[in-house]
Every structure is written in C-alpha cells, then in structure tokens.
Amino acid sequence: MDPTLINIVSLVLLFIGLLGTFLPVLPGLLLSLCGLLIFKFGTENDMPMIYVWIFVLLTIISTVLNYVIPAKTNKKYGGTRYGSIGSFVGTIVGLIFIPIPFGFLIGMLLGVFLGELLHDVSDTKKALNSMKGAFIGFIYGTGFNLMVGLAMFLVVGYYIFF
Numbered sequence: 001m002d003p004t005l006i007n008i009v010s011l012v013l014l015f016i017g018l019l020g021t022f023l024p025v026l027p028g029l030l031l032s033l034c035g036l037l038i039f040k041f042g043t044e045n046d047m048p049m050i051y052v053w054i055f056v057l058l059t060i061i062s063t064v065l066n067y068v069i070p071a072k073t074n075k076k077y078g079g080t081r082y083g084s085i086g087s088f089v090g091t092i093v094g095l096i097f098i099p100i101p102f103g104f105l106i107g108m109l110l111g112v113f114l115g116e117l118l119h120d121v122s123d124t125k126k127a128l129n130s131m132k133g134a135f136i137g138f139i140y141g142t143g144f145n146l147m148v149g150l151a152m153f154l155v156v157g158y159y160i161f162f
C-alpha cells in the first residue's frame, strides 16, 4: 500500500480520535491508537516501539479513569447513585435529543441534577453540588484524554513531516 495513503489514513484517524476525546459518540483514544498503530506498522519509519507501549498504557489508564474519576468527583461533592444513573441517562438523552454542540454535556448535567432530586426532592443544594462534581469529573477525564490524543497526533505528525 502507498505510504502516503497510510500516512493520510493515520492522520485522519488521529484527528477523529482527538474529536472523540470530548465527543462521547466516538471512541477517541482507541481511534487515535489505531492511527498510531497503522502508522507504526504500515510504513517505514523510525518511531521507536517505546512510544507505542507508552500510548497503549496511557489509553488503558484513561479507560479506567473515565469510570473512576466521575464517580469519585460526584461522590466527593455529595452525589448519590441516583445522580450517577441520571448522568448516564442524561448523556444518552442529550446526545439524541439536544442537537447542539455539547448537547450530551447538557443532558449529563441535567440528568445528574434530576437524579439527585429524585433521591431527595427537598435538597437542591446537594443536587447542584453533585452536578458540579460531575462537571469537574468530565473536565478531568476529557482533559487527560485530550492530552494523550494530542500527544499521539504530535508524535505521528513529527515522524511524518520531519
């Protein structure tokens, strides 16, 4: 296969993976990792294997953290299981029924808020705190994913263009 075509496919996957770090409909880091692997094993390049192993490890860590961070921040800010369930349902509803950029995020936050109100209708302060915790967890997880995805993109870009 033509190395130029492989480079283009790799860069496209890496770019879509970057988008996927904050759009939950795309498997962000997995797409980025596929782009990295296609570049590494599909072309003649000097990229050391240590980069592949580091990015595989960071992708695994990120996958685990995506489940741990929101739960921990939600709990830290007084959230309950109702808020966690509301977060999941709200994200799905937001993806489908709020057709604007970051509709999933609006849905997630509303889901957390409504879930906490279902748990205790009289405690709006607790529901707002739980919503704050979910947002902070989202920012932490997305930030980490974005940094790892950007690092993959830059490493592959460096080996393609320099």
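103 is the number that the working numbering gives to position 103 of the sequence shown; each next residue is one higher, with no gaps.
Built from N, CA and C at the ideal position, the CB exists for glycine as well.
On a predicted model such as this, the values are computed, not experimentally measured, just so you know.
Cut-off 7 Å between Cβ atoms - residues of its own chain near residue i, not counting five sequence neighbours on either side
{"i": "ILE136", "result": "THR73"}
{"i": "GLY20", "result": "LEU26, PRO27, GLY28 and LEU31"}
Cα-Cα separation, residue i to residue j
{"i": "VAL9", "j": "ALA127", "result": "45 Å"}
{"i": "ILE139", "j": "ASN66", "result": "11 Å"}
{"i": "THR4", "j": "LYS132", "result": "46 Å"}
{"i": "LEU31", "j": "PRO101", "result": "21 Å"}
{"i": "TYR82", "j": "PHE144", "result": "26 Å"}
{"i": "GLU160", "j": "ASN7", "result": "Per the sequence shown, residue 160 should be read as Ile rather than Glu. Roughly 7 Å between the two C-alpha positions."}
{"i": "ILE38", "j": "LEU14", "result": "10 Å"}
{"i": "ASP120", "j": "LEU114", "result": "10 Å"}
{"i": "LEU105", "j": "ASN45", "result": "39 Å"}
{"i": "PRO99", "j": "GLY90", "result": "14 Å"}
{"i": "PRO48", "j": "ILE60", "result": "20 Å"}
Outcome for residue i when other beta-carbon atoms lying within 10 angstroms are tallied against a minimum of 16
{"i": "LYS40", "result": "buried"}
{"i": "PRO70", "result": "buried"}
{"i": "THR124", "result": "exposed"}
{"i": "VAL156", "result": "buried"}
{"i": "MET1", "result": "exposed"}
{"i": "SER62", "result": "buried"}
{"i": "PHE162", "result": "exposed"}
Contact belief for residue i with residue j at Cβ below 8 Å, rounded distance in angstroms
{"i": "GLU116", "j": "GLY79", "result": "7 Å"}
{"i": "PRO24", "j": "LEU95", "result": "7 Å"}
{"i": "PHE153", "j": "LEU18", "result": "6 Å"}
{"i": "LEU146", "j": "PHE55", "result": "That pair is no contact at about 14 Å."}
Closest by C-alpha distance to residue i, when choosing among the options
{"i": "VAL112", "options": "VAL93, THR43, ILE85 and ILE50", "result": "ILE85"}
{"i": "TRP53", "options": "GLU44, CYS34, THR43 and VAL68", "result": "CYS34"}
{"i": "ASN129", "options": "PHE104, TYR77, ILE98 and LEU36", "result": "TYR77"}
{"i": "VAL68", "options": "MET147, THR142, TYR158 and PHE162", "result": "THR142"}
{"i": "THR43", "options": "VAL64, ILE60 and LEU11", "result": "LEU11"}
Own chain partners of residue i with C-beta closer than 6 Å, once the 5 adjacent residues on each side are dropped
{"i": "SER181", "result": "With the chain covering only 1 through 162, there is no way to say anything about residue 181."}
Sequence-distant residues of the same chain with beta carbon closer than 8 Å to residue i, five excluded per side
{"i": "LYS75", "result": "GLY133"}
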